[in-house]
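Residue numbers (this note's numbering): 1 to 147.
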């Protein structure tokens, strides 16, 4: 029995090896390749550009702001950067409406000018292409008075 049992085992092993080597039967002619659904990554939504003051513009605004703070006229400021405008708001007290707003609007660069100074009531004090000239409205210089 032991000899016949080992022969049966050998026969079954040989049959399994032969089955592994034999080509697999192809039922009903399937294509040689499969199409897989390829998922495309979701489209990234375009981030709207943010308008901001550059370093030179902020330096110009903060120079005037610093002089007015030293004089005791202004006490606080706020920066607001949006998709269409950048705003530097100037406050006498932080709980109030802004006294002045320095607005940068690039859409108006070829028309009236990109920079403007606006009061709390909405009156536009000055508008222009150059920030130095526009912001000079806020800078109260001392004038020589003769007797």
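Here a beta-carbon is modelled for each residue, glycine too, at the ideal position from N, C-alpha and C.
Considering only the beta carbon of each residue, do residue i and residue j sit closer than 9 angstroms?
i: residue 57; j: residue 131; result: yes
i: residue 100; j: residue 125; result: yes
i: residue 85; j: residue 103; result: yes
i: residue 95; j: residue 108; result: no
i: residue 55; j: residue 76; result: no
Figure out for me which residue from the options has the closest Cα to the Cα of residue i.
i: residue 49; options: 66, 81 and 67; result: 81
i: residue 105; options: 52, 135 and 40; result: 52
i: residue 140; options: 63, 40, 42 and 98; result: 63
i: residue 135; options: 107, 90, 43 and 76; result: 90
i: residue 138; options: 39, 54 and 60; result: 60
i: residue 46; options: 55, 113 and 83; result: 83
i: residue 113; options: 121, 98, 123 and 133; result: 133
i: residue 65; options: 44, 43, 55 and 88; result: 88
i: residue 128; options: 43, 71 and 111; result: 111
Helix, strand or coil for residue i per DSSP?
i: residue 128; result: strand
i: residue 60; result: helix
i: residue 118; result: strand
i: residue 138; result: coil
i: residue 108; result: helix
Since residue i is in the beta strand (DSSP E), which residue starts that stretch and which ends it?
i: residue 71; result: Unbroken run through residue 71: none, as it is neither H nor E.
i: residue 104; result: 100-104
i: residue 90; result: 86-91
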